[in-house]
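Numbering (the numbering used here), first residue to last: 45 to 267.
Okay, here's the thing in structure tokens:
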């Protein structure tokens, strides 16, 4: 079975009806067979990494990449472009997700193969990480610190796109190297990870000067 495909819609520029545009996007995704995982306007989403741009976001998933592309190109992108000023370009990304069964051959990496799927209540949280690395060796050391920390808090990756071609811009531009989406049992677990002494004093120094990233945290969609 093909890996699930993920959609990220970002409205990085504020305008009069950002919430309405996002709601319409959610409706289109659901009508097109996509599963809305999380969404929110800029004021509902935490920018964890300094320099992250406050944005409205939609994160969704399809089992069929072709269906995702068809819905995005025929319905979602035209609707977005008709709803925002012509000077604004919505970012719409299609991303290859990890296998539905996770990575059972790589149990050190937190996926559904090595971390139990949390109950939906309290509401889960999704962390969206995007960026580029300039020193892979130091980033490996960073990951050696954070992967056990994620597991301890019941978090795992649904997306970890590192290879060329795993992220496609259907609208706007994709110029980064890395896109990851991690799931957390609840926002408090993600915040405990991010603001913990170990992350702040041990993990972050490993990547300072070794890459640039944006990190957004948003609550999972309520069904």
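Glycine included, each C-beta is placed from N, C-alpha and C at the ideal position.
Assignment of beta-bridge partners to residue 228 by DSSP yields 169. In this structure residue 198 does not touch residue 259 by the C-beta definition: roughly 19 Å separates them, more than the 8 Å allowed. Residue 78 places its beta carbon less than 8 Å from that of residue 51. Taking each of 226, 187 and 234 in turn and checking the Cα distance to residue 254, the smallest one comes out for 187. Residue 247 has its alpha-carbon roughly 7 Å from the corresponding atom of residue 190. Looking at 176, 130, 194 and 137, the one whose alpha-carbon comes closest to that of residue 156 is 194. Between residue 214 and residue 131, the CB-CB gap reaches or exceeds 8 Å. The stretch 120-137 makes contact with the stretch 53-71; the number of CB pairs closer than 8 Å reaches 3 or more. When beta bridges are read from the DSSP output, residue 100 appears opposite 55. Taking a 10 Å sphere around the C-beta of residue 180, we find fewer than 16 other C-beta atoms and assign the residue as exposed. Apart from sequence neighbours up to five positions away, the residues of its chain that approach residue 178 with a beta-carbon distance below 7 Å are 254 and 255, ordered along the chain.
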